[in-house]
Each structure stands twice: as C-alpha cells, then as structure tokens.
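Enquirer: Residue numbers (our numbering): 60 to 269.
By construction, the Cβ of each residue, glycine as well, lies at the ideal position given by its N, Cα and C atoms.
What you are looking at is a predicted structure, and each value in this text was computed from that prediction instead of being measured.
Here's a structure for you.
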C-alpha cells in the first residue's frame with residue numbers, strides 16, 4: 060500500500076514539475092517538494108509501532124481464532140478490544156480455557172521482544188479469570204504448545220486448573236526446566252513465564268532447550 064502511495068506521489072510530483080518548467084527550468088517546484096516530504100513523514104508516522112514480523116502480520120484466510128465470538132459458537136468468558144478468552148471444546152483439566160489475541164500471531168515461535176507486552180497481558184488475563192474461579196496458584200498451569208505440536212495456527216495461551224482428566228491429557232502439557240544456561244528444557248510445551256524470560260533475553264522459543 061505504501062509503495063503504491065509513494066509511486067503515485069512521485070508521478071504527481073513529476074507532472075507538477077513539468078507543468079512549471081517553462082517558467083523557470085532552474086527553480087525546483089517548492090510545492091512538490093513540500094508535498095513529497097509531508098506525505099513521506101506521514102507514512103513514516105503511520106508505521107511507528109506496527110510489527111514488522113511478516114509471520115505475525117500475515118492473516119491466513121479462514122483462521123477460526125481471528126473471529127472468535129459467541130455468535131460463532133465459542134463459550135466466551137471474557138473479551139475486550141484486543142483479547143478474548145473462551146473454554147476449550149475438549150478440556151484436558153478441571154478448568155481449561157484459551158486466551159487469544161484478536162490480532163493474528165502465528166505461534167509462540169514467531170514472538171520477539173516487540174510482542175512481550177502482548178504475552179504478559181495474555182498471562183495477566185488468564186490469571187484474572189482463574190482468580191474469578193478461585194483457583195489456587197499451585198493448581199494453575201499456563202503455557203503454549205510449540206509448532207508443529209499445535210492444532211490452530213494462531214497463538215493461544217492454555218490456561219488450566221489441575222488436576223488433569225487423565226495421565227494422557229497431562230502428557231500433552233509437560234513443563235521442563237532448563238539446565239545451566241537454559242530457561243527451558245526439551246519440550247513441546249512452554250510455560251508462559253519461561254516464554255517471557257526467553258523472549259526478554261532476545262531468544263526464540265523452540266522445542267529444544269532454549
């Protein structure tokens with residue numbers, strides 16, 4: 060979009076310069092320079108704070124978590140302009156909810172430091188919901204599955220209150236502490252505080268130790 064806009068401006072500027080050239084070939088068109096500078100500054104201002112992570116910005120067609128609502132059959136327990144919380148349709152634990160951002164983010168593997176606020180906010184919302192259910196801290200588990208071990212290509216934070224319904228369900232959400240120099244050990248699931256610590260250090264969340 061920005062490329063087309065700047066291309067149109069350059070074309071318009073050349074036309075204005077040609078129309079005034081017969082008056083004075085050696086005097087640049089001040090109006091054209093001002094217009095180009097103003098628009099360029101506006102474009103720059105419009106992009107401030109916008110993620111440059113291409114995977115995070117790409118919105119795949121038909122992403123079901125981009126359009127979560129009660130009207131679409133989701134059991135929503137909390138929502139605001141940026142986030143929504145709903146019950147997992149196949150709960151693995153006594154309480155099992157998902158927190159998702161309305162802005163599309165592919166997965167926990169794509170997160171960078173510019174996404175830290177979003178991850179922390181998701182954790183805050185998850186704990187707030189569990190507070191409403193009076194779930195003790197020792198019974199809480201919040202975390203993300205790491206690709207390719209996930210079912211929906213839109214980041215979602217699992218918010219759970221144990222116990223799990225079976226040992227098999229529990230095995231899907233292993234939290235492994237890292238060895239010396241690592242925050243997390245080998246696992247396809249990362250606890251939310253582990254993810255935050257890894258990203259704060261400038262790292263990327265992955266299945267192997269990180």
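1. On the DSSP bridge assignment, give the partners of residue 243 in chain order.
2. If you measure between the beta carbons of residue 245 and residue 267, is that distance less than 7 Å?
3. Find out if the Cβ-Cβ distance for the pair residue 124, residue 133 is shorter than 7 Å.
4. Can you tell which of 126, 166 and 200 has the C-alpha that lies nearest to the C-alpha of residue 264?
5. Residue 138 lies in the beta strand (DSSP E); which residues open and close that run?
6. Quick check on residue 236: buried or exposed, where buried means 16 or more other Cβ atoms within 10 Å of its Cβ?
7. Between which two residues does the beta strand (DSSP E) containing residue 156 stretch?
8. Going by other Cβ atoms of all chains shown within 10 Å of its Cβ, with 16 needed for buried, is residue 243 buried or exposed?
9. At which residue ranges does the segment 160 to 214 contain complete alpha helix (DSSP H) runs of 4 or more residues, listed in the order of the chain?
10. Out of curiosity, what's the CA-to-CA distance linking residue 151 and residue 261?
11. Would you kindly check if the distance between the Cβ of residue 137 and the Cβ of residue 211 is under 7 Å?
12. So residue 249 is in the beta strand (DSSP E); what residue range does that whole segment cover?
13. Under the three-state reduction of DSSP, which class applies to residue 142: helix, strand or coil?
14. Going by CA-CA distance only, name the one from 139, 140, 121 and 157 that's closest to residue 219.
15. Quick one, which of 169, 184, 148 and 173 has its alpha-carbon nearest residue 140's?
16. Confirm, please, whether the CB-CB distance from residue 159 to residue 143 is below 7 Å.
17. Between the Cα of residue 250 and those of 209, 200, 241 and 208, spot the shortest distance and give me the residue it belongs to.
18. Under the DSSP definition of a beta bridge, which residues are partnered with residue 148?
19. For the putative contact between residue 247 and residue 213, defined by C-beta atoms under 8 Å, what is the C-beta separation to the nearest angstrom?
20. Under the rule that 16 or more other beta-carbon atoms within 10 Å means buried, what is residue 178, buried or exposed?
21. Using the Cβ count rule (16 or more neighbours within 10 Å means buried), how would you classify residue 239?
Expert: Taking the coordinates as given:
1. Reading the chain shown from its first residue, position 184 is the one you call residue 243. Per DSSP, 236.
2. Counting from one through the chain shown, the residue named residue 245 turns up at place 186. Counting from one through the chain shown, the residue named residue 267 turns up at place 208. In contact: residue 245 and residue 267 (Cβ atoms closer than 7 Å).
3. By 1-based counting over the chain shown, the position of residue 124 is 65. By 1-based counting over the chain shown, the position of residue 133 is 74. No.
4. Walking along the chain shown from the start, residue 264 turns up at place 205. If you compare the alpha carbons of 126, 166 and 200 with that of residue 264, the shortest gap goes to 166.
5. One-based indexing of the chain shown puts residue 138 at position 79. Element bounds for residue 138: 135 to 138.
6. Sequence index remark: in the chain shown, residue 236 carries index 177 (1-based). Looking at its Cβ environment, which holds fewer than 16 other Cβ atoms inside 10 Å, residue 236 is exposed.
7. Taking the first residue of the chain shown as position 1, residue 156 is located at position 97. Start and end: 152 to 160.
8. Locating residue 243 in the chain shown gives position 184, where the first residue counts as 1. Residue 243 is buried by the Cβ-count criterion.
9. 175 to 191
10. Residue numbering aside, residue 151 sits at position 92 when the chain shown is read from its first letter. Residue numbering aside, residue 261 sits at position 202 when the chain shown is read from its first letter. One C-alpha to the other measures close to 32 Å.
11. Position 152 of the chain shown, counting from 1, holds the residue named residue 211. Position 78 of the chain shown, counting from 1, holds the residue named residue 137. Their beta carbons are not under 7 Å apart, which means residue 211 does not touch residue 137 by this criterion.
12. Position 190 of the chain shown, counting from 1, holds the residue named residue 249. Unbroken beta strand (DSSP E) run through residue 249: 248 to 250.
13. Here residue 142 is taken as the residue at index 83 of the chain shown, counted from 1. Strand at residue 142.
14. Taking the chain shown and counting its residues from 1, one reaches residue 219 at position 160. Nearest option by C-alpha distance: 157.
15. Within the chain shown, the letter at position 81 stands for residue 140. Comparing Cα positions, the closest option is 184.
16. By 1-based counting over the chain shown, the position of residue 143 is 84. By 1-based counting over the chain shown, the position of residue 159 is 100. Taking 7 Å as the Cβ cut-off, residue 143 and residue 159 qualify as a contacting pair.
17. If you number the chain shown from 1, residue 250 lands on position 191. With distances taken between Cα atoms, residue 250 lies closest to 200.
18. Counting from one through the chain shown, the residue named residue 148 turns up at place 89. Partner(s): none; residue 148 has no beta bridge.
19. Taking the chain shown and counting its residues from 1, one reaches residue 247 at position 188. Taking the chain shown and counting its residues from 1, one reaches residue 213 at position 154. No, residue 247 and residue 213 are not in contact; Cβ-Cβ is about 17 Å, not under 8 Å.
20. On the chain shown, residue 178 is found 119 positions in, with the first residue counted as 1. Answer is buried; the Cβ neighbour count reaches 16.
21. On the chain shown, residue 239 is found 180 positions in, with the first residue counted as 1. So residue 239 counts as exposed.
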